[in-house]
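Residue numbers (the working numbering): 5 to 471.
Ideal Cβ placement from N, Cα and C applies to all residues, glycine included.
Quick notes on the structure that follows.
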Ligand code: ADQ
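Below is the structure:
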């Protein structure tokens, strides 16, 4: 078996025991590396005054990691700059929040070069290299310049935006051309894959060859849709662990038999939380009978706090939750419980299980793992209902959820009302179909599909076509 080298912006090494609070991507990558030998390369999360290329190699819980430190300027131009102020908002359809600052672009290229130069000596001839996400789009291009001929794959965890939107980015063509240095580029859904193809066919004189490859910039590229999943079995087990049970009991006692609606998201403007709060408010105003019967718990750990747009959304959510509580609360009931902290995964599983409804209503989302975790955590005999945005990649698989337009508080309120009164038989029927999908298309299926597709690409195509 080939060694696997995984590269992502940040390296985190979860133990897989349910104790950590890291996000779904980190969990998925660590799981992949436990199966294959190889290593995980990326930024340590630390900064130094001057970049020194020093690499820190470690072996933690069966996973070898190699990390580098970055400079402050790298952080502000690459991570907080081009990645999170330009690509993230644009790829989530927020052109209003997109910064088109040239120095960000330069920092982004510089960090990708630094990644390539430090990673290069670690790559052995038969290694498969798997690069993750929008921070590192030009990495294969930089590695090819240094003579790397290995098969290199890229997986985009966030949406690929519509053709017209990406053309608003200065030098969009260079960004797309850089993707043609890969052998395989994977997207979360066929829709994002098609949006990418459409760009290439229209803007770069691309063609689709007889064997299904996309050809442009003088190079062939295999693309595919690889919907990411969770470790459904592990998550279902976590949901009935003692720690989850304790969390469930605490929640049940404190909700005093009220029906709990839950939302769990990084505090990000793409997650549609404002409209969701308004949807819940609408439910309370339209259904006075429900007022003391329900409560909405929104868990939203702070994220990317040094980026202004994140400070703004935080302030707006603070105000909104305060306003709804001010309007509707009573001396013994608060309709909204809004919490900004992280929880252990087993506690989170207990929270999901205690909820009657999950509100997963991003305005755009590559996939959304919370939707899948909620499904996996349910009690099969009394499952809760998933309300899901049509703009989450997960809606492409989880058809039995109540699908809503996340921009419409009215639709959210209606779906909530329907979910809260759904008969047990319907809840069970919907949940079974959802769980079946979450279990079948799990993180192992995702990883194997991607790695096998990468291994099956013709090694050396790039070396040949670039000559
Ligand atoms: P994210 O935007 O981070 O991921 P998501 O897929 O929902 O979105 O993953 C969030 C993860 O963080 C989940 O595993 C969740 O359990 C965890 N989490 C959230 N709040 C938490 C809390 N308070 N305590 C502990 N854990 C918490 C990006 C893309 C998504 C895509 C993933 C994976 O934006 O669309 O699904 O990558 O590809």
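Simplified DSSP assignment, three categories, for residue 385: Position 381 of the chain shown holds residue 385. Here residue 385 sits in coil by DSSP.
So residue 1 packs on residue 197, CB below 8 Å; how close in whole Å? No answer is possible for residue 1: the residues shown for the chain start at 5 and end at 471.
Indicate the three-state DSSP secondary structure (helix, strand or coil) for residue 85 in the structure shown. Numbered from its first residue, the chain shown carries residue 85 at position 81. Residue 85 falls in the helix class under three-state DSSP.
Grouping DSSP H, G and I as helix and E and B as strand, with all else coil, what is residue 55? Here the question's residue 55 lines up with position 51 in the chain shown. Residue state, collapsed to three classes: coil.
To the nearest angstrom, report how far apart residue 442 and residue 68 are at their CA atoms. As a working note, residue 442 is residue 438 in the chain shown. As a working note, residue 68 is residue 64 in the chain shown. Each residue's Cα considered, the two are about 29 Å apart.
Give me the DSSP bridge partner(s) of residue 264. For the purposes of this step, residue 264 is identified with residue 260 of the chain shown, where counting begins at 1. Residue 264 pairs with 299.
Measure the alpha-carbon distance for residue 106 versus residue 49 and round it to whole angstroms. Counting from one through the chain shown, the residue named residue 106 turns up at place 102. Counting from one through the chain shown, the residue named residue 49 turns up at place 45. If you take the alpha carbons of residue 106 and residue 49, they lie about 24 Å apart.
Could you compute how far the alpha carbon of residue 151 sits from the alpha carbon of residue 131? If you number the chain shown from 1, residue 151 lands on position 147. If you number the chain shown from 1, residue 131 lands on position 127. Answer to the nearest angstrom: the Cα atoms are 14 Å apart.
Buried or exposed by the 16-neighbour rule on C-beta atoms within 10 Å, applied to residue 394: In the chain shown, the residue the question calls residue 394 occupies position 390. Taking a 10 Å sphere around the C-beta of residue 394, we find fewer than 16 other C-beta atoms and assign the residue as exposed.
Considering only heavy atoms of the ligand ADP, does any lie closer than 6 Å to the CB of residue 231? Judged by which ligands are present, the ligand ADP is missing from the structure shown, whose ligands are the ligand ADQ.
Taking only the alpha-carbon atoms, compute the straight-line gap between residue 9 and residue 445 and give it to the nearest angstrom. If you number the chain shown from 1, residue 9 lands on position 5. If you number the chain shown from 1, residue 445 lands on position 441. Distance between the alpha carbons of residue 9 and residue 445: 23 Å.
Taking residue 291 as the reference, give the member of 63, 420 and 309 with the closest Cα. Within the chain shown, numbered from 1, the residue matching residue 291 stands at position 287. The candidate whose alpha carbon is nearest that of residue 291 is 420.
Collapsed DSSP secondary structure at residue 12 in the structure displayed: As a first step, residue 12 must be located in the chain shown, where it is residue number 8. It is a strand residue.
Measure the beta-carbon distance from residue 307 to residue 253 and round it to whole angstroms, keeping in mind my assumption that it falls under 8 Å. Taking the first residue of the chain shown as position 1, residue 307 is located at position 303. Taking the first residue of the chain shown as position 1, residue 253 is located at position 249. The pair is not a contact, with the Cβ atoms about 29 Å apart (cut-off 8 Å).
Note down, one range per segment and in chain order, each beta strand (DSSP E) of at least 3 residues found wholly within the region 59-133. 59-64 and 67-75
May I ask whether a heavy atom of the ligand ADQ can be found less than 6 Å away from the beta carbon of residue 270? Within the chain shown, the letter at position 266 stands for residue 270. True, at least one ligand heavy atom lies under 6 Å from that Cβ.
Quick one: residues in its chain with C-beta nearer than 7 Å to the C-beta of residue 287, no 5 flanking neighbours on either side, listed in chain order? Residue mapping note: residue 287 aligns to position 283 of the chain shown, counting from 1. Hits under 7 Å: 294, 417, 420 and 421.
Do residue 167 and residue 202 have their CB atoms nearer than 7 Å? Stepping through the chain shown from its first residue, residue 167 is reached at position 163. Stepping through the chain shown from its first residue, residue 202 is reached at position 198. Yes, these two residues count as a Cβ contact at 7 Å.
If you check the beta carbons only, do residue 267 and residue 410 fall under 7 Å apart? Locating residue 267 in the chain shown gives position 263, where the first residue counts as 1. Locating residue 410 in the chain shown gives position 406, where the first residue counts as 1. No, Cβ-Cβ distance for residue 267 and residue 410 is not below 7 Å.
In or out: residue 216 buried (at least 16 other Cβ within 10 Å) or exposed? Position 212 of the chain shown holds residue 216. So residue 216 ends up on the exposed side.
Might you give, ordered along the chain, the residues of its own chain that have their beta carbon closer than 7 Å to the beta carbon of residue 357, omitting 5 neighbours on each side? Residue mapping note: residue 357 aligns to position 353 of the chain shown, counting from 1. For residue 357, where only same-chain residues beyond five positions count, the Cβ hits under 7 Å are 243, 248, 252, 381, 382 and 383.
Could you check if residue 289 is buried or exposed, using at least 16 other CB atoms within 10 Å of its CB as the buried criterion? Within the chain shown, residue 289 is the residue found at index 285, counting from 1. Residue 289 comes out exposed.
Using a threshold of 7 Å, state whether the C-beta atoms of residue 159 and residue 190 are closer than that. For this step, residue 159 is matched to residue 155 along the chain shown. For this step, residue 190 is matched to residue 186 along the chain shown. It is a contact, given that the beta carbons lie within the stated cut-off.
Is there contact here, the region 338-356 with the region 210-224, by at least three beta-carbon pairs under 8 Å? The answer is no - the region 210-224 does not touch the region 338-356, with fewer than three Cβ pairs under 8 Å.
Closer than 6 Å to a non-hydrogen atom of the ligand ADQ - does that hold for the CB of residue 139? Reading the chain shown from its first residue, position 135 is the one you call residue 139. Placement of the Cβ of residue 139 at a distance of 6 Å or more from every heavy atom of the ligand ADQ is found.
Count the other CB atoms, across all protein chains shown, that sit within 10 Å of the CB of residue 365; report buried if there are 16 or more and exposed otherwise. The residue given as residue 365 occupies position 361 in the chain shown. Its Cβ being crowded by 16 or more others within 10 Å, residue 365 is buried.
Just how far apart, CA to CA, sit residue 135 and residue 185? Sequence index remark: in the chain shown, residue 135 carries index 131 (1-based). Sequence index remark: in the chain shown, residue 185 carries index 181 (1-based). Cα-Cα distance, rounded: 12 Å.
Threshold first: 3 residues or longer. Then list the beta strand (DSSP E) segments lying entirely within the region 137-189, N to C. 156-159
For the ligand ADQ, I want to know if residue 305 counts as a neighbour, meaning its beta carbon is within less than 6 Å of at least one of the ligand's heavy atoms. Within the chain shown, numbered from 1, the residue matching residue 305 stands at position 301. Checking the Cβ of residue 305 against the ligand ADQ gives yes.
Uninterrupted alpha helix (DSSP H) stretches inside the region 307-342 (no shorter than 4 residues): 312-332
Quick check: the Cα distance between residue 408 and residue 433, rounded to an integer number of angstroms? Looking up residue 408 in the chain shown gives position 404. Looking up residue 433 in the chain shown gives position 429. Rounded to the nearest angstrom, the two C-alpha atoms are 19 Å apart.
Give the secondary structure of residue 462 by DSSP, where H, G and I count as helix, E and B as strand, and everything else as coil. In the chain shown, the residue the question calls residue 462 occupies position 458. Note: residue 462 maps to coil in three-state DSSP.
Under 7 Å between C-beta atoms of residue 302 and residue 342: Sequence index remark: in the chain shown, residue 302 carries index 298 (1-based). Sequence index remark: in the chain shown, residue 342 carries index 338 (1-based). Result yes, Cβ atoms of residue 302 and residue 342 sit closer than 7 Å.
Starting from residue 375, trace the alpha helix (DSSP H) both ways and give me its first and last residue. Residue mapping note: residue 375 aligns to position 371 of the chain shown, counting from 1. Segment 373-380, the alpha helix (DSSP H) holding residue 375.
Sort 305, 284 and 455 by Cα distance to residue 331 and report the nearest one. Here residue 331 refers to the residue found at position 327 of the chain shown. Minimum Cα distance to residue 331 is reached at 284.
CA-to-CA distance, residue 179 to residue 200, given in whole angstroms: The sequence position of residue 200 within the chain shown is 196, counting from 1. The sequence position of residue 179 within the chain shown is 175, counting from 1. So the alpha carbons of these two residues sit roughly 12 Å apart.
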